[in-house]
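Asks:
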Amino acid sequence: MSAAAALRRIPAVLTRPATAFTGFTPKDWSWILPAALVALLLVLPAQTVLRPLYLEKQQAVMDQLVEKGLLTEEKAHEVARAVEEQKANPKPVALIWQTLLGMVIQIALRLLLPAALLLAGAVFVMEARTTFAPMLAVMSYGSLPAGLREIVRAPLQLAKGSLDVYFSPAALTGTEGLGGFALNLLDLFDLWILALVILGVSSVTGMSRGRAAGLVLPLWGFYSLAKFGLKASPLGSWV
């Protein structure tokens with residue numbers, strides 16, 4: 101598939117996903133374009149216009165870890181000095197490398213790993229006939245709402261001067277407590293992604309949408325429980 105065709109598929113996935121997910125082949129590398137776009141949109145705001153807010157959050161996390169006895173004050177002071185230095189003297193080369201590294205991590209965790217889990221479930225549990233490439237394409241195109249969320253959220257965060265902008269019931273409660281964090285798992289854009297992935301899996305495997313949901317929803321449930329468990333752990337400040 102050409103780059104032009106991949107570009108045409110991007111808006112099609114957002115507007116008519118039932119048909120846009122058809123036609124993936126094992127040699128189809130079109131997944132790279134939406135994957136790179138989503139990863140860039142997820143990472144770039146944090147490394148540019150929102151960087152001061154993320155550095156402030158990092159400092160706040162350090163303070164919480166000190167209060168919990170999980171970090172020494174000496175180490176916290178070292179981190180604080182490093183944060184202040186980054187604020188005062190941002191290094192363009194370092195920012196570029198951090199952006200690229202962040203993109204690689206996003207692609208690995210958000211796309212490659214879920215695609216592998218979906219493939220294993222489809223082949224060994226649902227006994228469907230498919231390959232890794234279509235699943236990866238489904239995850240890449242299906243994650244497009246995550247990039248769209250950042251396009252909408254970043255200006256709101258910048259205007260508010262805070263990262264606390266949510267598109268879930270947590271907009272009313274915040275995410276400080278476990279209850280608020282659980283409510284944020286119902287993010288509207290994440291639910292949109294979930295629906296797209298179900299449609300995509302159904303399309304590329306030939307399964308009914310009900311069976312595809314039976315594969316995707318439990319994996320999403322396990323992922324949500326893992327995030328909730330991490331939030332409830334002593335390292336929950338980082339989540």
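All residue numbers for the sequence shown refer to this note's numbering, where the first residue is 101 and numbers rise by one. Cβ coordinates follow ideal geometry from the N, Cα and C atoms, glycine included.
Residues in its own chain within less than 6 Å of Leu133 by CB, not counting five upstream and five downstream?
Replies: Translated into positions along the sequence shown, residue 133 becomes position 33. Once the five neighbours on either side are set aside, the close Cβ partners of Leu133 are Ala106.
Asks: Throw me the rounded Cβ distance for the Ile293 and Ser324 pair, which I believe falls under 8 Å.
Replies: Working through the sequence shown from its first residue, we reach residue 293 at position 193. Working through the sequence shown from its first residue, we reach residue 324 at position 224. Actually they do not touch by this definition, with Cβ atoms about 13 Å apart.
Asks: Decide yes or no for the touch test of the region 117-131 against the region 228-243: beta carbon pairs closer than 8 Å, at least 3 of them.
Replies: As far as the Cβ criterion goes, the region 117-131 touches the region 228-243, which means the pair count is three or higher.
Asks: Three-state secondary structure (DSSP) at Arg116?
Replies: Taking the first residue of the sequence shown as position 1, residue 116 is located at position 16. DSSP places Arg116 in coil when its eight states are reduced to three.
Asks: Do you know how far the Cα of Thr148 is from the Cα of Val265?
Replies: Residue numbering aside, residue 265 sits at position 165 when the sequence shown is read from its first letter. Residue numbering aside, residue 148 sits at position 48 when the sequence shown is read from its first letter. Going from the Cα of Val265 to the Cα of Thr148 covers about 18 Å.
Asks: Note down, in chain order, each residue of its chain lying with its Cβ closer than 7 Å to the Cβ of Ile298, except the 5 sequence neighbours on either side.
Replies: Along the sequence shown, read from residue 1 onward, the residue named residue 298 stands at position 198. The answer, listed in chain order, is Arg309, Ala312, Ala313 and Val316.
Asks: Give a yes or no on whether the C-beta atoms belonging to Ala139 and Gln198 are separated by under 8 Å.
Replies: Here the question's residue 139 lines up with position 39 in the sequence shown. Here the question's residue 198 lines up with position 98 in the sequence shown. Result no, Cβ atoms of Ala139 and Gln198 do not sit closer than 8 Å.
Asks: At which residues does the alpha helix (DSSP H) containing Asp128 begin and terminate?
Replies: Stepping through the sequence shown from its first residue, residue 128 is reached at position 28. Asp128 -> no alpha helix (DSSP H), and no H or E assigned at all.
Asks: Quick one: residues in its chain with C-beta nearer than 7 Å to the C-beta of Leu286, no 5 flanking neighbours on either side, listed in chain order?
Replies: By one-based count along the sequence shown, residue 286 stands at place 186. Ser268 and Pro269.
Asks: Pick from Trp131, Tyr154 and Thr305: whose alpha carbon is nearest that of Phe224?
Replies: Along the sequence shown, one-based indexing puts residue 224 at 124. Selected option, being the one with the closest Cα: Thr305.
Asks: When the Cα atoms are used, what is the spatial distance from Thr230 to Pro214?
Replies: As a position in the sequence shown, residue 230 is number 130, starting the count at 1. As a position in the sequence shown, residue 214 is number 114, starting the count at 1. Cα to Cα, the separation comes out at about 15 Å.
Asks: Is Val265 helix, strand or coil when you go by DSSP?
Replies: Reading the sequence shown from its first residue, position 165 is the one you call residue 265. Here Val265 sits in coil by DSSP.
Asks: Assuming Val113 contacts Leu296 under a Cβ cut-off of 8 Å, what Cβ separation, rounded to an integer in Å, is found between them?
Replies: Indexing the sequence shown from 1 puts residue 113 at position 13. Indexing the sequence shown from 1 puts residue 296 at position 196. Indeed they touch by this definition, with Cβ atoms about 7 Å apart.
Asks: Counting C-beta neighbours from all protein chains within 10 Å, is the total for Ser333 16 or more, i.e. buried, or is it exposed?
Replies: Position 233 of the sequence shown, counted from the first residue, corresponds to residue 333. Per the 10 Å Cβ criterion, exposed.
Asks: Assign Ser130 to buried or exposed, taking buried as 16 or more other Cβ atoms, counted over all protein chains shown, within 10 Å of its Cβ.
Replies: In the sequence shown, residue 130 corresponds to position 30, counting from 1. The residue in question, Ser130, is buried, as its Cβ has 16 or more Cβ neighbours within 10 Å.
Asks: Distance check for Ala160 and Lys327, CA to CA, integer angstroms please.
Replies: In the sequence shown, counting from the first residue as 1, residue 327 sits at position 227. In the sequence shown, counting from the first residue as 1, residue 160 sits at position 60. So the alpha carbons of these two residues sit roughly 20 Å apart.
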